[in-house]
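Be aware that the sequence shown starts at 50, since it is given in my numbering, and climbs by one per residue. Notes follow the structure.
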Amino acid sequence: GMQLQHTSSLLLKQCRSSSISQNLRGLHKKSCTFQPERLSSCLAFTSITAQPSEHGCRRIHTNTQSWTNHPHQSIINHLPPLHSNHLSYDSRRKHFSTSTTKKVTSLTLASMKRHSKKISMVTAYDYPSALHVDRAGIDVILVGDSCAMVELGYSTTQPITMDEMIHHCKAVKRGVGVAGNQNDTQQTATTPMLVGDMPFGSYEISPTHALQNAYRFLKEAGMDCVKLEGGSSQRCETTRQLVQGGIAVMGHVGLTPQAISVLGGFRAQGRSAIRARKILDEALRLQDAGACSVVLECVPSNVARVITDALEIPTIGIGAGPHTDGQVLVYHDMLGMTSHPHHEHFVPKFCKRYARVGDAVAEGLEQFKQDVKGGSFPGEEFSPYKMTEAEEIAFDNLLAQDAMNREQSKDVAARRLKEEDEYESLNLYGGSSNGNDNDNDNDNGNGSANGDNSTK
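Shown next as structure tokens:
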């Protein structure tokens, strides 16, 4: 009892606020509900230590001991579950929280560069892929305008619109933070930073036009940052205006797919000394304009290394070698989502395949088709809904009352559908012949009078 009182006293002193006892009486149920009569029970079975944390918070770590067969087991069974391994008190907001999830921000990326920690980024476009990427603990999700090619079937990124990008960004946002991630190597899980790719034509007209569209990414779609392509003086001025407007900006130099009309196609960049120096200058200008990071696409690895060393902001490479601060690949490409030969032709050379999901999808669909055609699916195992025997008898009685009328209606419908099927087989509106044209012509008595035989 004396030890319990001492531990309780230490806990309250560590929190440095008399108002904390009030918070302990009514924490939100989604966190961890402590009540005064339960506090001593919690402390009796938990080793508690407190240490300072960032932003004026006090973090109370708990190491729960085994409660099996404890004398107070009946009390413990009624205690609310702990949803995390520590309790945090924010002295500014005056509340507790048990959440261990930390949001990845532009400052997080800058810190990772300073501490030589690699940044992982995946381009994803919808709710299911966002679920998987978030669960894997990826640092950044880019909702790229490459959605135009990967999801919508266009040959370039140029056709996708603002509304379509907002639609996909909203879906990705809903997929983040749903299932939690599998970050088993660290005590603290992370929520990825979300980057919306501004589509072609949404930021080139003027900085004001760019601001209006960029605000939509944050306000409507829930993005944390927007990405612009190019490092010209005009683009850097737009970047500066966006940053001054409170919007984090990720730059993009090297191969800029939105400018393929100027570049002459999807071609590697920076392979000449003059062009490599130009890309370096563009990256430096973007940094000076306030960009929080820069994507380097399809440039030689030695060029990417020089740019990475020259910048204080992180570089994220795609087809730019191993020397950048981070790497990004498209979700569908890295997982082999599409196994069609046409898609195989467009998978970039720099993309490593970490899975062949498309092959498994094709096999699954083929097996489903065979099961349906053969009548083995669904079977009794996948037909779970049953009627009681009494209801089956009542149903049969109801059917017997109008069985003759239903049979007649069925015959009428069958004759109508047969006539429509025979009419379509005449190929009156073109199309490939099904081999019945001669028979149909003879039935109609046309013969060669209409010249059909001369073309067969």
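Just so you know, even glycine gets a beta-carbon here, dropped at the ideal spot from N, CA and C. Please read these numbers as outputs of a predicted model, since none were measured by experiment.
| Query | Result |
| --- | --- |
| With distances taken Cα to Cα, identify the nearest neighbour of residue 275 among 254, 299, 295. | 299 |
| Suppose contacts are defined by Cβ-Cβ distances below 8 Å. Is residue 193 in contact with residue 246 by that definition? | yes |
| Determine which residues share a DSSP beta bridge with residue 400 and list them. | Beta-bridge pairing links residue 400 to no other residue. |
| Are the C-beta atoms of residue 354 and some chain D residue less than 8 Å apart? | Absent from the structure is chain D; it holds one protein chain and no more. |
| Beta-carbon within less than 7 Å of residue 284's beta-carbon, same chain only, minus the 5 sequence neighbours each way: which residues are those? | 277 |
| Among 350, 252, 367, 428, whose alpha-carbon lies nearest the alpha-carbon of residue 400? | 367 |
| Going by other Cβ atoms of all chains shown within 10 Å of its Cβ, with 16 needed for buried, is residue 452 buried or exposed? | exposed |
| Could you check if residue 212 is buried or exposed, using at least 16 other CB atoms within 10 Å of its CB as the buried criterion? | exposed |
| Using DSSP with H/G/I as helix, E/B as strand and the rest coil, what is residue 245? | strand |
| In the DSSP assignment, find the alpha helix (DSSP H) that holds residue 450 and state where it starts and stops. | 438 to 450 |
| Locate the beta strand (DSSP E) running through residue 376, then write down its first and last residues. | 375 to 379 |
| In terms of residue numbering, what span does the alpha helix (DSSP H) encompassing residue 301 cover? | Taken as a continuous stretch (DSSP letters only), residue 301 belongs to no alpha helix (DSSP H), being part of the beta strand (DSSP E) at 298 to 303. |
| When the Cα atoms are used, what is the spatial distance from residue 191 to residue 172? | 5 Å |
| Starting from residue 346, trace the beta strand (DSSP E) both ways and give me its first and last residue. | 342 to 346 |
| By alpha-carbon positions, which one of 270, 243, 344 ends up nearest to residue 279? | 344 |
| Measuring alpha carbon to alpha carbon, tell me which residue in 226, 249, 425, 215 is nearest residue 150. | 226 |
| Within 10 angstroms of the Cβ of residue 21, are there 16 or more other Cβ atoms? Answer buried if so, exposed if not. | Because the chain in this structure spans residues 50 to 505, residue 21 falls outside the shown range and cannot be described. |
| Comparing alpha-carbon positions, which option in 252, 198, 166, 163 lies nearest residue 397? | 198 |
| Contact defined as beta carbons within less than 8 Å: I believe residue 307 pairs with residue 249. What is the distance between those atoms, to the nearest angstrom? | 4 Å |
| Report back the beta-carbon spacing between residue 183 and residue 169 to the nearest angstrom; my notes put them in contact at under 8 Å. | The pair is not a contact, with the Cβ atoms about 12 Å apart (cut-off 8 Å). |
| Which of the three DSSP states, helix, strand or coil, is assigned to residue 169? | strand |
| Whose C-beta lies closer than 8 Å to the C-beta of residue 360 among residues of the same chain, with five residues either side of it excluded? | 332, 333, 336, 343 |
| Could you tell me the boundaries of the alpha helix (DSSP H) in which residue 414 lies? | 406 to 423 |
| In angstroms, rounded to a whole number, what distance separates the CA positions of residue 341 and residue 430? | 55 Å |
| Within the same chain, show all residues whose beta-carbon is closer than 7 Å to that of residue 319, passing over the 5 residues directly before and after it, in chain order. | 303, 325, 328, 348, 349, 352 |
| The beta strand (DSSP E) with residue 192 in it runs from where to where? | 189 to 192 |
| What does the alpha-carbon distance come out to for the pair residue 372 and residue 357? | 7 Å |
| By DSSP, does residue 240 sit in helix, in strand, or in coil? | strand |
| Tell whether a beta-carbon distance below 8 Å holds between residue 404 and residue 424. | no |
| Count the other CB atoms within 10 Å of the CB of residue 259; is the residue buried (16 or more) or exposed (fewer)? | buried |
| Helix, strand or coil: which one does DSSP assign to residue 153? | coil |
| Please return the same chain residues whose Cβ sits closer than 6 Å to the Cβ of residue 317, not counting the five positions on each side in sequence. | 347 |
| Tell me the rounded alpha-carbon separation between residue 416 and residue 457. | 38 Å |
| I need the straight-line Cα distance from residue 310 to residue 323, nearest angstrom please. | 21 Å |
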